[in-house]
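Participant: Okay, so the sequence shown: first residue is 4 according to the numbering used here, each after it adds one.
Backbone N, C-alpha and C define an ideal beta-carbon position, used for all residues, glycine too.
All values derive from a computational prediction rather than experimental measurement.
Quick one: structure below, then a few questions.
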Amino acid sequence: MVRRGFIAIVITACASLLLLASGRAQVVPLPANGDFEGGPTGWAPTTGGTLTIDGSQPVNDGGAAGHVLATSAGTVTIRTQYWLTPATPGNKYSMSLSVRIPAATITAVTARIDLVDGSGAALVSNLAAKPGPTAGYVMLNVAQVTAPANTEYALVVISGSATGAGARFSVDDIAITEVVPPPPPAPIVEPVQTADDTVADDSSPPPPARAGSPIRLPTPSAGPKPVPLSTRLVNGTFESNLGSWSVARGRAWTDLEIPGEGSSMVLYAPAAGTVWAEQVIGGIEPGEWYQASALLATRGIVYAGWIRIAWYQVDDATGNAITTDDSFSVTSSDDEAVAAAPRYQVVGTGAVQAPGNAHSAIVRAMLRINYTPASLIVDDV
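Next comes the structure, spelled out in structure tokens:
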């Protein structure tokens, strides 16, 4: 049984890796609420019906399940907020869940796992169906699928085929299993012998890189563990309006923009140029590794929206910045600007090292536009 309150990703591997992990698969909880113990958290708005999360109807385990009610004949669908469930290219994913179909008014329930890119577009999918009715809860398993290149998240979609309004089904205990493939075998290096038939000493330094060629640094067995700057920020989820944030050049306010996320910041640019919202962080350790990330969505034609860390030498982040580190950016075209469903993306700087003389930083949410007024929705900084 997975840990309560989350869609769980279960990481397994080949026999040699399992031995390193004492023969056990590791359960990594993610905030997608696959057993519905956390209420509606992690679930997008229902289409074709309603989703009630409680224990008023039978549950498979725990105190709550997801009860789906159709408002008309056709398909009623629930889906997760995909950006809460990261996925990795090359890994394999399967899914299991418990389904209850109390009457023939739901002819079948289909469960699907989509592996999607950063914009939420499906790259590959797999599904399984269970015809109704069922005698209580039954297990439904979706077969394994391999994540292609550009995969960033896993999306769960569950649909019921209803004969009319009032048809219902229940779902509980959703778990995604992630199988991490073993690393490729190390290449076999033949001994190099010198003229006097003795084995050459391989402890000598590598030759210098040729002019114009990239320098490949050795990959450490355990990379840097960056400090999330979210732990240093105040009000990074904007539940306290814009408290602790200041805005330059544009305007900002908070609103309920992203389903299930509570309040978000709306950063608005009234004319061509760059605007931003920022917060100062003190106590930066020189040479320490940090990272910043945020959930972003665009409104209107946005040239770029991104997250920036600016590093400063003095404790109060005044004067000129030493240097900056940026995340990837989000954009929106003319067609995307009028789309009914906005695209939410998680962007981040990755692990970046503070300069050796840095003692403070400023985290900025940046918005640049070239034409008409536009906005950037910001949350979970």
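Under the assumption that Gly173 contacts Thr78 (Cβ atoms under 8 Å), give the Cβ distance between them as a whole number of angstroms.
Facilitator: The question names Gly, yet the displayed sequence has Ser at residue 173. Contact doesn't hold; Cβ gap of about 17 Å is too wide.
Participant: Short of 7 Å in beta carbon distance, which residues of its chain neighbour Gly359, apart from the five on each side in sequence? Order them along the chain.
Facilitator: These residues qualify, in order along the chain: Pro289, Gly290.
Participant: Taking 6 Å as the limit between beta carbons, can you name the residues of its chain near Gly239, skipping five residues before and five after?
Facilitator: If we look at Gly239 and ignore the five residues flanking it on each side, its Cβ neighbours are Ser233, Val384.
Participant: Which two residues bound the contiguous beta strand (DSSP E) that contains Ala67?
Facilitator: Unbroken run through Ala67: none, as it is neither H nor E.
Participant: Go ahead and pull the three-state DSSP assignment for Ala377.
Facilitator: Correct three-state label for Ala377: strand.
Participant: Go through its chain and collect everything with a Cβ distance to Arg213's Cβ below 8 Å, but skip five positions before and after it.
Facilitator: Low confidence applies to Arg213: its pLDDT is 34, below 50, so where it sits in the model is not reliable, and the reading given next is rough at best. Closer than 8 Å at Cβ, skipping near neighbours: no residue.
Participant: Starting from Ser363, trace the beta strand (DSSP E) both ways and give me its first and last residue.
Facilitator: Here the beta strand (DSSP E) through Ser363 covers 363 to 372.
Participant: Does the pairing of the segment 270 to 288 with the segment 323 to 331 give three or more beta-carbon distances under 8 Å?
Facilitator: With the cut-off at 8 Å, the segment 270 to 288 and the segment 323 to 331 do not touch.
Participant: Looking at the structure shown, is Thr91 part of a helix, part of a strand, or coil, going by DSSP?
Facilitator: Reduced to three states, the DSSP call for Thr91 is coil.
Participant: Might you give, ordered along the chain, the residues of its own chain that have their beta carbon closer than 6 Å to the beta carbon of Asp117, omitting 5 neighbours on each side?
Facilitator: Around Asp117: Ala125, Ser128, Leu158.
Participant: If you draw a straight line from the C-alpha of Ser162 to the C-alpha of Val250, how long is it?
Facilitator: Spanning the two alpha carbons is a distance of roughly 43 Å.
Participant: Give me, in chain order, the residues of the same chain whose beta-carbon lies closer than 6 Å to that of Thr149; leave out the 5 immediate sequence neighbours on both sides.
Facilitator: The residues are Lys95.
Participant: Please state whether DSSP places Thr74 in a helix, a strand or coil.
Facilitator: It is coil, neither helix nor strand.
Participant: What whole-angstrom Cβ distance do Gln316 and His362 have, given they're in contact under 8 Å?
Facilitator: Their Cβ separation, rounded to whole angstroms, is 6 Å, which keeps Gln316 and His362 in contact under 8 Å.
Participant: Under the rule that 16 or more other beta-carbon atoms within 10 Å means buried, what is Leu259, buried or exposed?
Facilitator: Leu259 is exposed by the Cβ-count criterion.
Participant: Around the C-beta of Tyr374, are 16 or more other C-beta atoms found within 10 angstroms, so that it is buried, or is it exposed?
Facilitator: Under this definition Tyr374 is an exposed residue.
Participant: Thinking C-beta only, is Gly41 closer than 8 Å to Asp175?
Facilitator: Taking 8 Å as the Cβ cut-off, Asp175 and Gly41 do not qualify as a contacting pair.
Participant: Determine the closest residue to Tyr347 out of Asp120, Ser75, Asp64, with distance taken between C-alpha atoms.
Facilitator: The candidate whose alpha carbon is nearest that of Tyr347 is Asp120.
Participant: Going by the CB atoms, is the gap between Trp292 and Ala377 shorter than 8 Å?
Facilitator: No, Cβ-Cβ distance for Ala377 and Trp292 is not below 8 Å.
Participant: So what does DSSP say about Tyr306, is it helix, strand or coil?
Facilitator: Coil at Tyr306, not helix or strand.
Participant: Does the Cβ-Cβ distance between Ser296 and Trp309 come in under 8 Å?
Facilitator: Contact: no.
Participant: On the CB-based measure, 16 or more other CB atoms within 10 Å of its CB, does Asn63 come out buried or exposed?
Facilitator: Asn63 comes out buried.
Participant: Do Ile81 and Ala170 have their CB atoms nearer than 8 Å?
Facilitator: In this structure, Ala170 does not lie closer than 8 Å to Ile81 by Cβ.
Participant: Just grab the DSSP bridge partners of Asp258 for me.
Facilitator: Beta-bridge pairing links Asp258 to Ser267.
Participant: Going by C-alpha to C-alpha distance, which of Leu379, Ala132, Val71, Gly66 sits closest to Val53?
Facilitator: Before going on, a small fix: residue 53 reads as Thr here, not Val. Out of Leu379, Ala132, Val71, Gly66, Val71 has the C-alpha closest to the C-alpha of Thr53.
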